[in-house]
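In our numbering, the protein residues as written are 198 to 338.
Beneath this line is the structure, given in structure tokens, with notes to follow.
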Amino acid sequence: MSGPPAVGAHELITTTAAGLVTCRGCCCGNPAKHPDVDHGGELRTLQQFAADHPDTVRLTTSDCLGPCEHANVLVVRPSPDGRRAGGRPVWLARLDAHALRTLQVWLAAGGPGLADVPEYLALHRIRPSRAGTTSEGSPML
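So, in structure tokens, the structure goes:
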């Protein structure tokens, strides 16, 4: 007999899509920090791409991802196939309109593990922060 899931039970979500995590914490998406960036437009572009390509990318908006000195930060997670092919998360920052279009083309080609990072996106690549440090390894204050 089947009943409602137990309290605290987790549902397994399976996907074939790559993951895209966009930071919208304290610095990312903040017009006071980057008044020259259309933060809302950037987020709408990503949301529209994800809505139009649900089998290609799954978009998640996150609170602070850590490397605030590089705002706006975005992490591209490989799809399950990309992960099996050796793909690892790619951290990107300070994307302009051309970089967003390049990101979309790369994701359509498979993203991490299935397609090489385009040269233009590689210019926006950053190292992820370790917990409690900036991306340069200095303690966070």
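Where is the CB? At the ideal position from N, CA and C, for every residue including glycine.
Keep in mind the model is a prediction, meaning the values are calculated, not measured.
Restricting to Cα atoms, I'd like to know which of the options is closest to residue i.
| i | options | result |
| --- | --- | --- |
| ARG324 | LEU256, GLU316, TYR317 and ARG285 | ARG285 |
| ASP260 | HIS250, CYS220, LEU240 and ALA214 | CYS220 |
| ASP293 | HIS231, VAL287 and THR213 | HIS231 |
| LEU256 | THR242, PRO264 and ALA268 | THR242 |
| ASN269 | GLU316, CYS224 and ALA319 | CYS224 |
| GLY216 | GLU239, PHE246 and PRO264 | PHE246 |
| ASP233 | ALA312, ALA282, GLU316 and ARG291 | ARG291 |
| GLY279 | ALA296, HIS236, VAL218 and GLY307 | GLY307 |
| HIS267 | LEU289, GLY237 and VAL273 | LEU289 |
| VAL218 | LEU311, GLY283 and ARG274 | ARG274 |
Let's see if you can read the secondary structure: which residues bound the alpha helix (DSSP H) around residue i?
| i | result |
| --- | --- |
| THR299 | 294-305 |
| GLY238 | 236-249 |
With DSSP as the reference, please indicate the residues paired to residue i in a beta bridge.
| i | result |
| --- | --- |
| CYS220 | SER259 |
| VAL273 | LEU217 and VAL287 |
| VAL254 | ALA215 |
Does the Cβ of residue i have 16 or more other Cβ atoms within 10 Å, making it buried, or fewer, making it exposed?
| i | result |
| --- | --- |
| HIS321 | buried |
| PRO228 | exposed |
| THR253 | buried |
| GLN244 | exposed |
In this structure, does DSSP put residue i in helix, strand or coil?
| i | result |
| --- | --- |
| ARG322 | strand |
Within 8 Å (strictly less), CB to CB, does residue i reach chain D?
| i | result |
| --- | --- |
| LEU292 | Among the protein chains of the structure shown there is no chain D, as only one such chain exists. |
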